[in-house]
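> The structure follows.
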Amino acid sequence: MNIQATDIATYNFAYLDEQTKRMIRRAILKGIAIPGYQVPFASREMPMPYGWGTGGVQVTASIIGPDDILKVIDQGADDTTNAVSIRAFFKKVADVAVTTETEKATIIQTRHRIPEAPLHAGQVLVYQVPIPEPLRFLEPRETETRKMHALEEYGLMHVKLYEDIARHGHIATTYAYPVKVEGRYVMDPSPTPKFDNPKMNMSPALQLFGAGREKRIYAVPPFTKVVSLDFEDHPFEIQKFDQPCALCGAEQVYLDEVILDDKGGHMFVCSDTDHCEKRREDGHRGHMAPENESRASPSSSAGPSPRKDGEEEAPTLTPPSPRPLRGEGKGEGQHQTFEKSREAE
Amino acid sequence: METQAIDGGFANPVFDAQAVFRAVMDAMARPGTIQPCGGLTVPPAPLSPVAGAVALTFCDNDTPLWLDPALQASAAAKHWLGFHSGSPLAHTPADAQFALVSSPAELIALENFAQGTQEYPDRSTTLILQVTSLSSGENLLLEGPGIEKAAMLAPTPLPRHFVEQWKQNRARFPRGVDVILAAPEGIACLPRTTRIKTMEA
Ligand SMILES: [Zn+2]
Chain A
33 MNIQATDIAT YNFAYLDEQT KRMIRRAILK GIAIPGYQVP FASREMPMPY GWGTGGVQVT
93 ASIIGPDDIL KVIDQGADDT TNAVSIRAFF KKVADVAVTT ETEKATIIQT RHRIPEAPLH
153 AGQVLVYQVP IPEPLRFLEP RETETRKMHA LEEYGLMHVK LYEDIARHGH IATTYAYPVK
213 VEGRYVMDPS PTPKFDNPKM NMSPALQLFG AGREKRIYAV PPFTKVVSLD FEDHPFEIQK
273 FDQPCALCGA EQVYLDEVIL DDKGGHMFVC SDTDHCEKRR EDGHRGHMAP ENESRASPSS
333 SAGPSPRKDG EEEAPTLTPP SPRPLRGEGK GEGQHQTFEK SREAE
Chain B
1053 METQAIDGGF ANPVFDAQAV FRAVMDAMAR PGTIQPCGGL TVPPAPLSPV AGAVALTFCD
1113 NDTPLWLDPA LQASAAAKHW LGFHSGSPLA HTPADAQFAL VSSPAELIAL ENFAQGTQEY
1173 PDRSTTLILQ VTSLSSGENL LLEGPGIEKA AMLAPTPLPR HFVEQWKQNR ARFPRGVDVI
1233 LAAPEGIACL PRTTRIKTME A
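Chains A and B, in that order, are what the protein sequence lines are.
Residue numbering for the first sequence follows our numbering, starting at 33 and increasing by one per position.
Residue numbering for the second sequence follows our numbering, starting at 1053 and increasing by one per position.
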């Protein structure tokens, strides 16, 4: 090991002490062996508030090594305050290389998105999870939800989704849309838009989920079946956008609505900033792209999510504007039924 | 014996443990792959360097450790594990969080180890089997999570009637044990989700 690395070791490489890492590593191993099952772990205090993804940070800290290349995204963007802070944290405590390029990263820590670029074998996607229990909004008692998972009693979850249909004519849940992993455990994919759910299925990358406040770790191994719950007469569908990205012209990507002025001016742009920049570097242009831009950054200060999922409650640490609306284009607000029932707990 | 117990641990505990962990994590995530894991420890016989490294990576005073009779019989190996990991010895296989097995061919039945409960299937034993090769045994065809279509592994030696025992282990899902195969050429894993077929079958 080089001298620099040895120096870092003297004040805990990757911040956590070795006993804590061993405990988290054991939990990760069990999570991989039981896909979708939530493994309890003794979450540690981290030098950041819970809302900042301490679960994901602890998972990353336990797996990261000197040869890793880390990417951190928040709602798809590499340059939000949260993403920048977490990246700086690991640069300092683990002296690792960092990148914004999905392709080059060995570990990608994420809040609320899966990158648009396909992941490859050997990559690890670490999700920051606020509420790991998909049944929590149906049943507040941990002992009961544990029993439901043990007995595969997932009927209530289907009833809940069906209530959506009764009320809205379709399944209105658009975030944290529940999935079934390898035909066994119902799992919360974290508050990613359901647009990203299909990317979880048979992904070549390993997916690890860390919930700090709730003290749970779970995993989806590579090449594992992840199926979004649905009904024969109401099959799962991802969000569709009726226009391409205004900057790079991408279609079939997840878009954020960005407010341009107070007169209602707005545009839809890729939520995945790396994907958008790559496409513009390759010469792709959307209808609002500047003529000679080299690196536009409309979402460079993407603010906190308008969703109140309890995960992000550090407004003093996050710049307030401009804040992109979650880009549904249509149907915005309908997912609130699902969210409200969660908040009620 | 004193020096034997103290020598031979990780030279760089933090980075060596991280490297071994990643090898095991990748092997568990992609059953059938062999993850290289250099000779990072030099334990007393009959404990192998790779098995010793895996034990030091995961075991500590929170994890009751079961040793197979061959390791039990080696005071040097026991002292080495005790000194470097601090793991208490498990009274019975059902109490073990990890089991270290130097002679897999003589291993007691898998069902003797902790299987976890239906509500806490993670409370099960992880077996570290010390094998001499991952490629010269009977060909096993692997399917399941972590495997795109099918994978092949040929570890040896294995516990008696292993394929049949594994079928029963698989049937207990989500309960069941997981296996880490520690070989001179590296690490391979069999999580409880893996389905095994022999080539003739
Ligand atoms: Zn774009």
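Cβ coordinates follow ideal geometry from the N, Cα and C atoms, glycine included.
1) Which residues of chain A have a Cβ atom closer than 8 Å to the Cβ of B:Gln1087, listed in chain order?
2) Mind checking which residues open and close the beta strand (DSSP E) that includes A:Asp196?
3) Can a CB atom of chain B be found closer than 7 Å to the CB of A:Leu61?
4) Tell me the residue span of the beta strand (DSSP E) that contains B:Met1251.
5) For ligand 1, list every residue whose C-beta falls under 6 Å from any of its heavy atoms, going in chain order.
6) So, is A:Ala149 buried or exposed, given that buried needs 16 or more other C-beta atoms within 10 angstroms?
7) Closest Cβ-Cβ distance between A:Val71 and chain B: below 7 Å?
8) Rounded to the nearest angstrom, how far is the Cβ of B:Ser1226 from that of A:Tyr69, given a contact under 8 Å?
9) Report all residues from its chain with a CB closer than 6 Å to the CB of A:Asp106; omit the five preceding and five following residues, and keep chain order.
10) What do you reckon, are the CB atoms on A:Lys192 and A:Tyr209 nearer than 7 Å?
11) Kindly say whether A:Leu238, judged by its beta-carbon, lies nearer than 7 Å to any beta-carbon of chain B.
12) Tell me where the beta strand (DSSP E) around B:Trp1118 begins and ends.
13) When you compare the stretch 1203–1211 of chain B with the stretch 253–271 of chain A, are there three or more beta-carbon pairs, one atom per stretch, that lie closer than 8 Å?
14) If you check the beta carbons only, do B:Gln1070 and B:Ala1079 fall under 7 Å apart?
15) For A:Gly85, is the classification buried or exposed, using 16 other Cβ atoms within 10 angstroms of its Cβ as the cut-off for buried?
16) Between which residues of its own chain and A:Glu343 is the CB-CB distance below 6 Å, once the five residues before and five after are set aside?
17) Tell me whether the stretch 177–188 of chain A and the stretch 115–129 of chain A touch, counting them as touching only if at least three CB pairs, one residue from each stretch, are closer than 8 Å.
18) Return the bridge partner residues of A:Phe73 from the DSSP annotation.
19) Within a Cβ cutoff of 7 Å, which residues of the same chain sit near A:Arg76, ignoring the five residues on either side of it in sequence?
20) Would A:Gly297 count as contacting chain B if we go by Cβ distances under 7 Å?
21) Going by DSSP in three states, A:Tyr159 sits in which element: helix, strand or coil?
22) Rounded to a whole number of angstroms, what is the C-alpha to C-alpha distance between B:Leu1179 and A:Glu214?
23) Could you confirm whether any beta carbon from chain A is found closer than 7 Å to the beta carbon of B:Arg1244?
24) Using CA atoms only, rank isn't needed, just tell me which of A:Pro254, A:Gly97, A:Lys247 is closest to A:Phe45.
25) Do we get a CB-CB distance below 7 Å when we pair A:Arg122 with the residues of chain B?
26) Is it right to say B:Pro1121 is buried, meaning 16 or more other beta carbons lie within 10 angstroms of its own, or is it exposed?
27) With burial defined as no fewer than 16 other Cβ atoms inside 10 Å of the residue's Cβ, what is the status of A:Asn229: buried or exposed?
28) In the DSSP assignment, find the unbroken beta strand (DSSP E) run with A:Arg248 in it and report its ends.
29) Within a Cβ cutoff of 7 Å, which residues of the same chain sit near A:Ala137, ignoring the five residues on either side of it in sequence?
30) Bridge partners of A:Gln275, per DSSP?
31) Spatial neighbours of A:Thr177 within its chain, please: C-beta separation below 6 Å, excluding the five flanking residues on both sides.
32) When the Cα atoms are used, what is the spatial distance from A:Glu283 to A:Met232?
33) So what's A:Arg178 in DSSP terms, helix, strand or just coil?
34) Would B:Ile1199 count as contacting chain A if we go by Cβ distances under 7 Å?
35) Are at least three pairs of beta-carbons, each pair with one atom in the stretch 1145–1155 of chain B and one in the stretch 1167–1185 of chain B, less than 8 Å apart?
36) Nearest to B:Leu1117 by CA position, among B:Glu1237, B:Ser1137, B:Leu1186, is which residue?
Result, derived from the coordinates:
1) Chain A residues near B:Gln1087: none, gap ~11 Å exceeds 8 Å.
2) Careful: A:Asp196 lies outside any beta strand (DSSP E), inside the alpha helix (DSSP H) at 187–200.
3) yes
4) Element bounds for B:Met1251: n/a, residue is neither H nor E.
5) A:Cys277, A:Leu279, A:Cys280, A:Ala282, A:Val301, A:Cys302, A:Cys308, A:Arg311
6) exposed
7) yes
8) In the sequence as presented, Ser is not what sits at residue 1226 of chain B; that position holds Pro. Sure, about 6 Å apart at Cβ, within 8 Å.
9) Thr112, Asn114, Ala115, Arg143
10) no
11) yes
12) 1117–1119
13) no
14) Pairing B:Gln1070 with B:Ala1079 gives a Cβ-Cβ distance that is not under 7 Å.
15) buried
16) Because A:Glu343 sits at a pLDDT of 36, beneath the cut-off of 50, its placement in the model cannot be relied upon, and the following sentence gives the value as read from the coordinates. If we look at A:Glu343 and ignore the five residues flanking it on each side, its Cβ neighbours are Gly83, Pro162.
17) no
18) Paired residues: none, contrary to the question.
19) Leu48, Thr52, Gln90
20) no
21) strand
22) 23 Å
23) yes
24) Cα-wise, what sits closest to A:Phe45 is A:Gly97.
25) The amino acid at residue 122 of chain A is misidentified as Arg; the sequence shows Phe. Chain B, which has no Cβ nearer than 7 Å to the Cβ of A:Phe122, makes this no.
26) exposed
27) buried
28) 248–252
29) Answer for A:Ala137: Ile101, Leu102, Lys103, Thr131, Gln155, listed in chain order.
30) Bridge partners of A:Gln275: none, in fact.
31) Glu165, Leu167, Glu171
32) 20 Å
33) helix
34) In terms of beta-carbon proximity, B:Ile1199 lines the interface with chain A, with at least one pair separated by less than 7 Å.
35) Flag = yes, the stretch 1145–1155 of chain B and the stretch 1167–1185 of chain B touch.
36) B:Ser1137
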